[in-house]
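Residue numbers (our numbering): 114 to 499.
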């Protein structure tokens, strides 16, 4: 297993390699040069080694350490503890990348459905999927919830997800309340996937997930950083029969680990079918290079794990669709909240505006000059992203 560290303020490659060797020993056998030859021979299969170093464009150094994969099981808590645990307390060291050997990577479940499987469930090909975020779910009566759900469904979204902050005990009631809407869409030949927020004590998550699926949940949403990557791993390993959506809540509090690991590789390895993350534009914009690295981690070719859906999020509006499609192609999810619920022509108008934007861009047309009433109203309010 190859682990790359970024060494902030490290002056040169030689110093980086020396630091890397210290890390390799300290994170495995603890000490080396002071051991008798016989003990060294016995410990050698468990010892890490610094194998390469270099300088980054920004002036910091990097070093790669090879760890024996047999030192720990294929579970992310063990992996992170063994390659970054106490080292994470050193603010000068960052975890920049992790590359798994195939035999070790096979121990992670990966997505059960991935891009192709979710497309099949949604009945959509040749374009991005459109998902609406259910806002203001807290305190709503079931009747109001069903009415708001119907407005989004009637507009033509492919998925509707709960707000990640909804942790009340009425998930089963909400599923029953919207079941007629979901069933009607299925009969129309346009399936609708309802992603229910999964909450509760961590030791009950898998049991509760199975019950939600039996009740009719079309997908499950998990706040992965809050519940832990191992919770996602366990849910994926249980093969629940519905896609798993990974929400990035609390992920911003994890420091010292590159975003493409937290929101990319780790999510995919542990089984997320769809991964929400801040886009390079919108209300929580991250650097373009970070967004591209996350996308690559989610969709790169793998013989072991299906591709996960990139879901760039936060402040997405119809005027961003052209840039989204240029950056992500057709295999991404347009994830919209405020631009649907705050559309001048209402919720259905907001959904339709996104559908019109997707259709225009997919058909090779520009957003500028759009004359469809819903899209035109959206572009007048939010503009077009450059």
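Don't be surprised by glycine CBs; every beta carbon is placed ideally from N, CA and C.
With distances taken Cα to Cα, identify the nearest neighbour of residue i among the options.
| i | options | result |
| --- | --- | --- |
| residue 190 | 351, 347, 363 and 272 | 347 |
| residue 350 | 246, 114, 319 and 461 | 319 |
| residue 201 | 118, 313 and 275 | 118 |
| residue 493 | 383, 187 and 458 | 458 |
| residue 287 | 176, 301, 140 and 311 | 311 |
| residue 292 | 323, 317 and 258 | 258 |
| residue 384 | 188, 130 and 246 | 188 |
| residue 405 | 485, 391 and 263 | 391 |
| residue 328 | 229, 302, 284 and 407 | 284 |
| residue 488 | 456, 399, 373 and 498 | 456 |
| residue 363 | 356, 357, 268 and 389 | 389 |
| residue 216 | 229, 185, 365 and 478 | 185 |
| residue 381 | 475, 254, 407 and 208 | 407 |
| residue 447 | 218, 465, 424 and 193 | 424 |
| residue 209 | 376, 443, 125 and 243 | 376 |
What does residue i pair with, by DSSP beta-bridge criteria?
| i | result |
| --- | --- |
| residue 448 | 244 |
| residue 212 | 115 |
| residue 274 | 246 and 308 |
| residue 207 | 119 |
Could you check where the alpha helix (DSSP H) with residue i kicks off and where it finishes?
| i | result |
| --- | --- |
| residue 291 | 284-300 |
| residue 168 | No alpha helix (DSSP H) holds residue 168; the beta strand (DSSP E) holding it covers 162-168. |
| residue 142 | That residue, residue 142, is in no alpha helix (DSSP H); it is neither H nor E in DSSP. |
| residue 486 | 486-495 |
| residue 190 | 189-197 |
| residue 325 | 318-328 |
| residue 363 | Run containing residue 363: none; DSSP gives neither H nor E here. |
| residue 500 | Because the chain is modelled from 114 through 499, residue 500 falls outside the range shown and cannot be assessed. |
| residue 464 | 459-475 |
| residue 201 | No alpha helix (DSSP H) contains residue 201, which DSSP labels as neither H nor E. |
Let me confirm a value: residue i is counted as buried when at least 16 other C-beta atoms fall within 10 Å, else exposed. Which label applies?
| i | result |
| --- | --- |
| residue 236 | exposed |
| residue 170 | exposed |
| residue 233 | exposed |
| residue 112 | Limits of the chain in this structure are 114 at one end and 499 at the other, which puts residue 112 out of reach. |
| residue 278 | exposed |
| residue 499 | exposed |
| residue 361 | buried |
| residue 159 | exposed |
| residue 401 | exposed |
| residue 214 | exposed |
In the DSSP assignment, the beta strand (DSSP E) including residue i goes from what residue to what residue?
| i | result |
| --- | --- |
| residue 116 | 115-120 |
| residue 391 | 387-391 |
The ligand SAM and residue i: does the residue's C-beta get closer than 8 Å to at least one heavy atom of that ligand?
| i | result |
| --- | --- |
| residue 216 | The model depicted lacks the ligand SAM and carries no ligand whatsoever. |
Any contact between the region 304-313 and the region 272-280? By contact I mean 3 or more CB pairs, one from each, below 8 Å. yes
Does the structure place the region 216-226 close enough to the region 118-134 that three or more beta carbon pairs sit under 8 Å? Contact between the region 118-134 and the region 216-226 is absent: fewer than 3 CB-CB pairs across the two stretches fall below 8 Å.
Three or more C-beta pairs closer than 8 Å, one from the region 468-476 and one from the region 429-440: is that the case here? yes
Should the region 328-346 be called in touch with the region 161-178, which here means at least 3 C-beta pairs below 8 Å? When C-beta atoms of the region 328-346 are compared with those of the region 161-178, fewer than three pairs fall below 8 Å, so the two segments do not count as touching.
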